[in-house]
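K.L.:
Using the numbering used here, the letters of the sequence shown map in sequence onto residues 400 to 534.
Every residue, glycine too, gets a C-beta built ideally from N, C-alpha and C.
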Amino acid sequence: MRRGSSLIAQAVAALAVEALLYWRYGDEQARYHWFTHFFVGASLALLLVSSYVAVRGRVPTLVILVPIFGHLCAMFPDVLFELGIAHRRWMDIFLGHISTHFVPGGNITWYAVFAFSLAVCLYAVGTTRATAARE
Ligand SMILES: [Zn+2]
């Protein structure tokens, strides 16, 4: 599969997964949690992708799916909740699942972190491509 069509396939899969998750969170109160866990998980994933790009000098193959994986890690206690397991403090091992809701500014703060992480990642990818084009 060519690189461009792989990215499109990843983008379609990512949108489908996130749309399904958003729908599953149901009412507005729960959708607030979807945003928190998406911003936290995707931000960490984007920073990890940036580090990978900086160290390896290339973009990972599944670059668009990595933030989705981060989101799935951050929201995993909600899957457990659906299975009847109540939220507990130890669930913070899943990217701060509990305590991320108590950050000053709430989702606005996490959105800012996400925007910053996305900018860092795009800069890293852009720099790598520019370097590769010169070589
Ligand atoms: Zn939760």
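Starting from the C-beta of Ala410, find all residues in its chain whose C-beta is less than 7 Å away, skip the five residues before and the five after it, and write them out in chain order.
P.N.:
Ile463.
K.L.:
How is the alpha helix (DSSP H) around Met490 delimited, first residue to last?
P.N.:
Premise fails: Met490 is in no alpha helix (DSSP H) and is neither H nor E.
K.L.:
Got a sec: does ligand 1 put a non-hydrogen atom nearer than 6 Å to the Cβ of Asp477?
P.N.:
The answer is yes for Asp477.
K.L.:
Tell me whether the region 506 to 516 and the region 431 to 444 touch, counting them as touching only if at least three CB pairs, one residue from each stretch, are closer than 8 Å.
P.N.:
Verdict: yes, contact present.
K.L.:
Within 10 angstroms of its Cβ, does Phe515 collect 16 or more other Cβ (buried), or is it exposed?
P.N.:
Exposed, by the Cβ-count rule.
K.L.:
To the nearest angstrom, how far is it from the Cα of Gly469 to the Cα of Ala418?
P.N.:
Taking the straight line from one Cα to the other gives about 16 Å.
K.L.:
Could you check which residue in Leu521, His496, Pro466 has the C-alpha nearest to that of Phe480?
P.N.:
That would be His496, whose Cα lies nearest to the Cα of Phe480.
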